[in-house]
Amino acid sequence: GTGSGEAGLTPSPGGPTGSEPPANPDYIYHIIFLGDSNVGKTSFLHLLHQDTFASGLTATVGVDFRVKNLLVDNKYYALQLWDTAGQERYHSMTRQLLRKADGVVLMYDVTSQESFAHVRYWLDCLQDAGCVGVQVLLLGNKMDCDEERQVSTEAGQQLAQREGSIDHFCPCPAKGQVRVD
Ligand SMILES: Nc1nc2c(ncn2[C@@H]2O[C@H](COP(=O)(O)OP(=O)(O)OP(=O)(O)O)[C@@H](O)[C@H]2O)c(=O)[nH]1
Ligand SMILES: [Mg+2]
Numbered sequence: 001g002t003g004s005g006e007a008g009l010t011p012s013p014g015g016p017t018g019s020e021p022p023a024n025p026d027y028i029y030h031i032i033f034l035g036d037s038n039v040g041k042t043s044f045l046h047l048l049h050q051d052t053f054a055s056g057l058t059a060t061v062g063v064d065f066r067v068k069n070l071l072v073d074n075k076y077y078a079l080q081l082w083d084t085a086g087q088e089r090y091h092s093m094t095r096q097l098l099r100k101a102d103g104v105v106l107m108y109d110v111t112s113q114e115s116f117a118h119v120r121y122w123l124d125c126l127q128d129a130g131c132v133g134v135q136v137l138l139l140g141n142k143m144d145c146d147e148e149r150q151v152s153t154e155a156g157q158q159l160a161q162r163e164g165s166i167d168h169f170c171p172c173p174a175k176g177q178v179r180v181d
């Protein structure tokens, strides 16, 4: 259409008050959380927002999203965090969503070798969606479950090094123990 140029980038008249985020952030990033069902995507996002671990969450249906606002160097950033459903029947929806990804957080569960093996599957989905140059962070979750652990941190690191499409690797902080900013 007839775009209004940079009009959308200027803060609303009067500017933002207090810590309230503006209606028009300077930058919007779509960050998509990917990974098998049960790896802990929703729990992680909950921790990010509420600073507490929510136990007993049910599997995500379809897709969900939350916005995280950041103020960095006087610029407002709105991070749209998309929480996808790992269950198979929602995968086509997730594949659609991947087309608008600016960044991806790909999670597996260190107590599930299967979820780790599926990282490949998710990387293929990214490639199919044409996500080239999108930043991908690989996260090994449930680090607190040492007894049931099936995937070593080294294995995660090695995978991240081997796969060119993975930009970063991070063993996830144990639930509730570390602030995620
Ligand atoms: N011990 C432990 N359990 C976790 C952790 N993160 C999540 N869980 C548990 O793992 C289960 C699944 O968590 P969810 O966050 O629903 O998983 P999900 O990836 O969103 O699953 P889908 O929505 O089906 O894709 C829940 O019972 C959580 O309480 C963690 O860091 N440590
Ligand atoms: Mg979920």
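Sequential numbering of the sequence shown, starting at 1, is according to the UniProt record's numbering.
Note that beta-carbon positions come from the ideal geometry of N, C-alpha and C, so glycine has one too.
Quantities reported herein were computed from a predicted structural model and do not represent experimental measurements.
Who are the near neighbours of residue i in its chain, counting only those whose CB is closer than 8 Å to its CB and skipping five residues on each side?
i	result
residue 62	85, 90, 93
residue 125	34, 91, 94, 95, 98
residue 25	69, 76, 77, 78
Quick one: measure Cβ to Cβ for residue i and residue j, integer angstroms, because I've assumed they're closer than 8 Å.
i	j	result
residue 45	residue 122	Not a contact, Cβ separation roughly 17 Å.
residue 150	residue 169	That pair is no contact at about 17 Å.
residue 136	residue 166	5 Å
Starting from residue i, follow its DSSP beta bridges and name the residues at the other end.
i	result
residue 107	139
residue 64	83
residue 59	Note: residue 59 sits in no beta bridge, so no partner.
residue 24	DSSP lists no partner for residue 24.
residue 70	77
residue 32	82, 104
Within its chain, find whatever has a CB closer than 7 Å to the CB of residue i; leave out the 5 residues flanking it on each side and keep chain order.
i	result
residue 54	43, 46
residue 32	82, 84, 97, 98, 101, 104
For residue i, which residues of its own chain have a beta-carbon under 6 Å away from its beta-carbon, when the five flanking residues on both sides are left out?
i	result
residue 141	39, 40, 107, 109, 172
residue 3	Summary for residue 3: the model assigns pLDDT 37, below 50, so the residue's position carries little reliability; its value from the coordinates is reported in the next sentence. The answer is none, since no qualifying residue turns up.
residue 161	none
residue 116	108, 151
Are the region 73-80 and the region 108-116 touching, with three or more C-beta to C-beta distances below 8 Å? Judged by Cβ distances under 8 Å, the region 73-80 makes no contact with the region 108-116, as fewer than three pairs qualify.
With ligand 2 as the reference, list in chain order each residue whose Cβ lies under 7 Å from any of its heavy atoms. Residues with their Cβ less than 7 Å from any non-hydrogen atom of ligand 2, running along the chain, are 41, 42, 57, 59, 60, 83, 85, 86.
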